[in-house]
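Below is one structure, written out as structure tokens, with a few remarks after it.
Numbering (UniProt numbering), first residue to last: 1 to 155.
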């Protein structure tokens with residue numbers, strides 16, 4: 001069966017994502033500097049692109065509600081730790097980044113082909129320039145230089 005999204009040239013024409021809510025909004029959490037309880041200062045939301053749902057053919061976006069805290073003891077401001085989901089400042093989860101780098105490094109796909117592969121097989125759109133940045137940040141093209149792995153995925 002042909003892919004109904006084949007031939008789409010505008011990212012806005014891709015299927016709408018399924019939104020999955022995550023809650024990391026805590027009233028109080030230990031300060032990373034002094035370990036004293038730190039109260040919530042404000043709340044925010046962050047959208048992360050994750051591997052898509054192949055059953056529905058739609059991409060998946062994680063809508064993460066998070067809290068920002070202020071420690072009254074050492075005066076530090078900080079956000080709740082989300083590094084288990086994604087690198088700081090990233091719009092993509094670790095699962096997407098790991099798979100994308102693996103597709104380029106281990107499978108040897110060119111960036112444009114890898115971008116299409118990620119959409120076709122995993123329903124996540126990653127511009128090929130972003131793929132190139134991730135691979136270059138991971139080191140030279142070689143699996144031994146990129147320690148994070150997506151074990152067994154696609155094997």
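We put the CB at the ideal spot given by N, CA and C, even for glycine.
Excluding sequence positions up to five away, which residues of its chain have a Cβ less than 8 angstroms from the Cβ of residue i?
i          : result
residue 31 : 37, 38, 69, 71, 73, 74, 76, 78
residue 22 : 62, 63, 64, 65, 85
residue 27 : 39, 40, 67
residue 8  : 14
Terminal residues of the continuous beta strand (DSSP E) containing residue i?
i          : result
residue 12 : Here residue 12 belongs to no beta strand (DSSP E), and DSSP marks it neither H nor E.
residue 22 : 18 to 24
I need the DSSP call for residue i, collapsed to helix, strand or coil.
i           : result
residue 163 : Nothing can be reported for residue 163: it is not among the residues displayed for the chain, which extend from 1 to 155.
residue 39  : strand
residue 33  : coil
residue 104 : helix
residue 28  : strand
residue 61  : strand
residue 50  : strand
With 16 other CB atoms within 10 Å as the buried threshold, where does residue i fall?
i           : result
residue 120 : exposed
residue 43  : exposed
residue 16  : exposed
residue 144 : Reliability of the predicted coordinates at residue 144 is poor, the pLDDT of 49 falling under 50, and the value obtained from them is presented with this limitation in mind. Burial call: exposed.
residue 102 : buried
residue 89  : exposed
residue 20  : exposed
residue 118 : buried
residue 126 : buried
residue 11  : exposed
In chain order, what residues of the same chain have a beta carbon less than 6 angstroms from the beta carbon of residue i, not counting five sequence neighbours either side?
i           : result
residue 112 : 128
residue 92  : 49
residue 123 : 52, 59
residue 33  : 74, 76
If I follow the unbroken alpha helix (DSSP H) through residue i, where does it start and stop?
i           : result
residue 130 : 128 to 138
residue 91  : Run containing residue 91: none; DSSP gives neither H nor E here.
residue 121 : 111 to 122
Return the chain-ordered list of same chain residues with a C-beta closer than 7 angstroms to the C-beta of residue i, the five sequence neighbours on each side being excluded.
i          : result
residue 54 : 123
Return yes when at least one heavy atom of the ligand COA lies under 6 angstroms from the C-beta of residue i, else no.
i           : result
residue 113 : The ligand COA is not part of the structure shown, which contains no ligands of any sort.
*With a cut-off of 8 angstroms, do at least 3 Cβ pairs link the region 41 to 53 to the region 88 to 99?*
yes
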